[in-house]
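All remarks here apply to the structure that follows.
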Amino acid sequence: MMFCLFLGITFSISAQQTADFTNELVDYNKAIELYKNNQFLAAQSLFTSIKNKVDDLSIEGDCAYYIANCAVRLNQQNADALMESFVEDYPTSIKRNEAYINVANYYFENGKYAQARKYYDKIDEGSIPRSERDKFNFNNGYAYFKSKQFNEAKKYFNRVTTSKNYGSQAKYYLGFIAYEGDDYEEANELFEEVKEEDRYSEGLSYYQADMNFKLGKFQQAIDMGKEKYENSNPQEKSELSKIIGESYFNLEQYAEAIPYLKEYKGKRGKWNNTDYYQLGYAYYKQGNYFEAIGEFNKIVDGKNSVAQNAYYHLAESYLKLDQKQQALNAFKNASEMDFSLEIQEDAWYNYAKLSYEIGNSYKPAPEVLLSFMETYPNNANNEALKDLLIDSYITSKNYKAAIELLENNKSFENKLAYQKVAFYRGIELYNEGDYAAAISMFNKSLKEPRDAQFTARTTYWKAESDYNLSNFEEALVGYKQYLQLPEAASTPEYKDSKYNLAYNQFKLKNYTDAITNFKSYASSTNAQGAQKTDAYLRLGDSYFVTSQYWPAMENYNQAIELGTPDEDYAAFQKAISYGFVDRVDSKIEGLTNFALQYPKSIYRDDALYELGNTYVAQNKTAEAIRMYDRLIAESPKSSYVAKTLLKKALIFDNSNRSNEALSIFKKVANDFPSTPEALQAVASAKLIYIDQGRVDEYANWVNTLDFVDVADEELDDAAYQAAEQPYLENNKSQAMKRFGDYLQQFPNGQHALKAHFYLGQLQFADGKKEAAIPHFEFVLNKQRSEFTEQALSRISEIFLGKKDYSNALKYLKRLEVEADFPQNVIFAQTNSMKASYELKQYAEAVAYAEKVLQNSKIDNSIKSDAQIIIARSAIKTGNETKAKTAYAEVAKIATGELAAEALYFDAYFKHTDGQFEASNVSVQKLAKEYSGYKYFGAKGLLLMAKNFYALKDAYQATYILESITKNFTDYPDIVEEARTELTRIKASEAKTNASVETGEN
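This note's numbering puts the first residue of the sequence shown at 941, with every later residue one more than the last.
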């Protein structure tokens, strides 16, 4: 019984295990079905459940195999780990190799070639079934092919070239590998073997066309490309366009090349410099220069043989369309590259010629021409260039650089050119006010008297320079020499020569000769406008100072009738003249009318003072006093106030009104200390005090005056006379010492005012301007005297020279109000506007400039200065409308640097108005006529670059900007702006041109 029970239990357990195993097999088969139906997640879950329950190593291994396979297909992160675990945990599984093949093929079929390669490497090739070997070799080769490991790929592809299923594909890819390796002959052979198969024919047309092109078989490339062209996709069509177009290009069939070259879309939507060159050159060869330029000028930043060739033909295209500035830049660019020495030389020659024709902002035209001739001494064009060089010195107006070249370059010597250039450089310096330097340059010109006309002109302008330096004797010699030269009459200076000679003689007080020449000029056809009226005015003055009063009055009348701007002066002189011909009533009438007719004239106080004196002479003291009182009331700052008070006091003294006279004498002494009038007032007061017996009062009063020392009066006077004597004899060093000694001994002496003024003048003339300041300040801290006006002028000049504009302006403002001489008023106003501008007081600067322009007596140089101040101030304050008007006025009359500035702003305003081509014309003129002013030349080029980019010429824009950064490092502000603009343009161009580098330059 016990045995049977044991058997029963055993039987019962075995049955249960069998049932479980059967259930697991059912589940296993179910999981297999799910796997085959691509239900990988459900299958994986069921395989996992079975694996955890089953006690059969074989089934457990199979479950691990399928779990890993599902993980691969589900792209689970642990897929690789599961597969490796399967191989490691079940090393005897028959599915080991199958697992690697299965996973590798799965990755392959899903295009994951890198992962496929990983598992193909793990496969034991010897265990692969024969039926699977071709697939293994092809897939392995293709995976290597996709990772561009062509040598490895070839090894596997070569194993299946005879395979029924994979042979054609293998040959196709082997052909492609040969194609990529530039082995076009082998590639062609392989492609020929498979070209009949439809699935390859589509791609092969492109590759075979490309291979024929690369083999130089351009017609075959065209034929094969055209076969496929119409039925190709857009990307392929673009590539075929390039192959066909470039093949035509290489066959020099440019008309046929153009439509295909245009159809090319570029790599990733971008062309490169070679693409633009080919299309541009095709247009160029067809004579379509406008379209050629449109392509060539997209070649930005080119630095190879293609670029050099392109820039040369771009320049020629520009020349064909008469766009010379653009051509100059392109020739210059081509000449800076040495890929083709022949192109470089010819480009440089054309660059030099154009520099002469239109000017050059980069370098002076003479320098470019000389540089070419020195670099290519055997060039056949050099003889012709020598003639251009001579002329270029003149046309470029860069006289300073030309002089340096001619003086320092002994290999090329031209005396005639030197004579002319030295003359023009002298004129330039003369216009800048540097008369001494101008004379030096004129002397250089006169040493080479090759051209008689230029010799005459130089002689004249040297005389003019001497005149402006107050070297009147030397100027007289120069004017006479000029007029004796036969060529003088045919020079432009001749019409004014007699007028200027007359003025020089007037300055030398040779009034008889002055009269002769002023009359000769005034009666000539050359005389006109302001100079003619001025000649009559100076004739009047010359007759006046030689006591020929009737002729003087006739000429003053003539000046008035012609509308002289100095009408008030002529009227005053005419009235005075009547007094010298015993027509006192006419004199009084003239002076009385003058006071009414010219209420704002600077001669108004002169007229009232002279009228008072005339009444005194006629013993009409009441009328005289009335005139004197009127002068003091209406012109309280007049230099005549002290004299007028003294005259009035003397009338009272002579009329027994001594106390009233004494009061005035004391006022003069107190209000105008140290002046001659003050000293005379003290002497006259002394007589009244003595006459009235009030000597003690006199002594007490005199002790309050620091400029009168009764005890030392004679010693004071003697010490001053000792200093004044060498001053009058023009012994400057001795006079300076003695005036210094006098002021040390008598700091408040009766002659202290004069001593300070004369010592200041001497130190100023000796170049000791800083030392002169306290002496002029002493004069200016006293009441107005005969020295005040000149001291104001001198001290203003000193502070202007030191660029101490604040102090200069302080004295200039006084000078404007207190000056009696019109020249000093103009000096004060013009320099006040300049000082205000330098102090950034733009509104005040403009106010002074407008005041200056209201003066009809100013010359063109001062008008130009005033307009430039208005223009610059307007620019600084953002008022470009006003600046534009002002610069337009400057341009009409300016010379030298101001003319260059005005021309630059003419270009600038045209640019801002969108007139880009017109702006470039102005910049070209600036380059041709004012190349010596490099700052404005550089600014003009920067403007030109912006104009060209606005005109869609990226090449011109970028080339000019790069040239600025290399050639104008002296102007960092301009270079920085050029770099910024260049970066902006290159970034924009890089969007369509793959050859453009956008890195920092």
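Just so it is clear, CB atoms sit at the ideal spot from N, CA and C, and this is done for glycine as well. Given the structure is predicted, the values throughout are model-derived calculations rather than measurements.
Quick one: measure Cβ to Cβ for N1079 and N1042, integer angstroms, because I've assumed they're closer than 8 Å. Separation of the CB atoms of N1079 and N1042 is rounded to 12 Å, and the pair is thereby denied contact status at 8 Å.
Taking the alpha carbon of I1591 as the point to measure from, which residue in F1612, S1463, N1559 and K1626 has its own alpha carbon closest? Of the listed residues, the one whose Cα sits closest to I1591 is N1559.
Pick from Y1538, S1541, L1531 and K1540 that is closest to M1567, judged by C-alpha positions: Minimum Cα distance to M1567 is reached at L1531.
Rounding to the nearest angstrom, what Cα-Cα distance links T1852 and N1212 in this structure? Here the alpha carbon of T1852 sits roughly 33 Å from the alpha carbon of N1212.
I1455, buried or exposed, once every other Cβ within 10 Å from all chains shown has been counted against 16: By the Cβ-count criterion, I1455 is buried, with 16 or more other Cβ atoms from all chains shown falling within 10 Å of its own Cβ.
For I1211, write down the residues that DSSP places opposite it in a beta bridge. For the record, residue 1211 in the displayed sequence is Trp; it is not Ile. In the DSSP output, where bridge partners are listed per residue, W1211 has N1933.
Between the C-alpha atoms of K1750 and E1869, what's the straight-line distance to the nearest angstrom? Their backbone Cα atoms lie some 39 Å apart in a straight line.
Span of the alpha helix (DSSP H), counted from its first residue to its last, around V1792: Counting along the chain, the alpha helix (DSSP H) containing V1792 begins and ends at Y1782 to L1793.
Compare the C-alpha of G1480 against each of S1380, Y1364, M1493 and A1847 and name the closest. Relative to the Cα of G1480, the nearest Cα in the group S1380, Y1364, M1493 and A1847 belongs to M1493.
Could you tell me whether any Cβ in chain B is nearer than 8 Å to the Cβ of Y1461? Absent here is chain B; the protein component of the structure consists of one chain.
Return the first residue and the last residue of the alpha helix (DSSP H) that K1420 is part of. Looking at the DSSP string, the run of the alpha helix (DSSP H) that includes K1420 is F1412 to Q1424.
Does the distance from the CB of A1878 to the CB of Y1911 come in under 8 Å? Result yes, Cβ atoms of A1878 and Y1911 sit closer than 8 Å.
With distance defined between alpha-carbon atoms, name the residue in K1243, P1432 and E1196 nearest to R1397. Answer by Cα proximity: P1432.
Which residue from D1593, D1002, D1657 and L1645 puts its Cα closest to that of D1631? Ranking the options by Cα distance to D1631, first place goes to D1593.
For H1696, name the three-state secondary structure that DSSP assigns. DSSP places H1696 in helix when its eight states are reduced to three.
Report all residues from its chain with a CB closer than 7 Å to the CB of A1535; omit the five preceding and five following residues, and keep chain order. Excluding positions up to five away in sequence, the list reads R1544, A1547 and L1548.
Length of the line joining the Cα atoms of E1829 and M1313: The C-alpha of E1829 lies about 42 Å from the C-alpha of M1313.
Distance between I1542 and A1839 (C-alpha atoms, nearest Å): A1839 and I1542 have their C-alpha atoms spaced approximately 34 Å apart.
For I1298 and Q1265, believed in contact at Cβ under 8 Å, the rounded distance: Right, the Cβ-Cβ distance comes to about 6 Å (below 8 Å), so this counts as a contact.
If you reduce the DSSP assignment to three classes, tell me which class H1715 lands in. In this structure, H1715 counts as helix in the three-state DSSP scheme.
Are the stretch 1354–1367 and the stretch 1380–1390 touching by the rule of at least three beta carbon pairs closer than 8 Å? The stretch 1354–1367, when compared against the stretch 1380–1390, does touch it at the 8 Å Cβ threshold.
Would you kindly work out how many angstroms separate the C-alpha atoms of D1611 and Q1723, rounded to a whole number? Near 6 Å, if we compare the C-alpha coordinates of Q1723 and D1611.
If you drop the 5 nearest sequence neighbours on each side, which residues of the same chain put their C-beta closer than 8 Å to that of L1683? A distance below 8 Å between beta-carbons, with the five flanking residues on each side excluded, links L1683 to the following residues of its chain, in chain order: G1689, A1692, A1695, H1696 and L1699.
Report the rounded CA-to-CA distance for Y1221 versus L1922, giving the unit in angstroms. Rounded to whole angstroms, Y1221 to L1922 spans 26 Å at the Cα level.
Alpha-carbon spacing of Y1030 relative to I1063, whole angstroms: Cα to Cα, Y1030 sits roughly 16 Å from I1063.
Exposed unless 16 or more other CB atoms sit within 10 angstroms - verdict on E1937: By the neighbour-count rule (16 or more Cβ atoms within 10 Å), E1937 is not buried but exposed.
Cα-Cα separation between Q957 and D1002, rounded to whole angstroms: Its pLDDT being 47, under 50, Q957 is placed unreliably in this model, and the coordinates cannot settle the point.
Report yes or no: do the stretch 1460–1473 and the stretch 1483–1493 share at least 3 C-beta pairs separated by less than 8 Å? Touching, no.
Could you compute how far the alpha carbon of T950 sits from the alpha carbon of V1027? In this prediction, T950 has a pLDDT of 34, which is less than 50 and means its spatial position is unreliable; what the coordinates show is noted afterwards. Each residue's alpha carbon lies about 37 Å from the other.
Alpha helix (DSSP H) segment containing I1034, residue limits: Note, I1034: premise wrong, no alpha helix (DSSP H); not H, not E.
Does DSSP put R1390 in a helix, a strand or coil? Coil at R1390, not helix or strand.
Backbone CA spacing between Y1375 and T1452 [nearest angstrom]: Looking at the two C-alpha atoms, the distance is approximately 28 Å.
State the start and end residues of the unbroken alpha helix (DSSP H) segment that holds Y1889. Note, Y1889: alpha helix (DSSP H), K1874 to A1890.
For the candidate residues A1663, A1621, Q1665 and A1659, whose alpha-carbon lies nearest to that of L1645? Ranking the options by Cα distance to L1645, first place goes to A1621.
Short check: CB of F1908 to CB of K1874, under 8 Å? Taking 8 Å as the Cβ cut-off, F1908 and K1874 qualify as a contacting pair.
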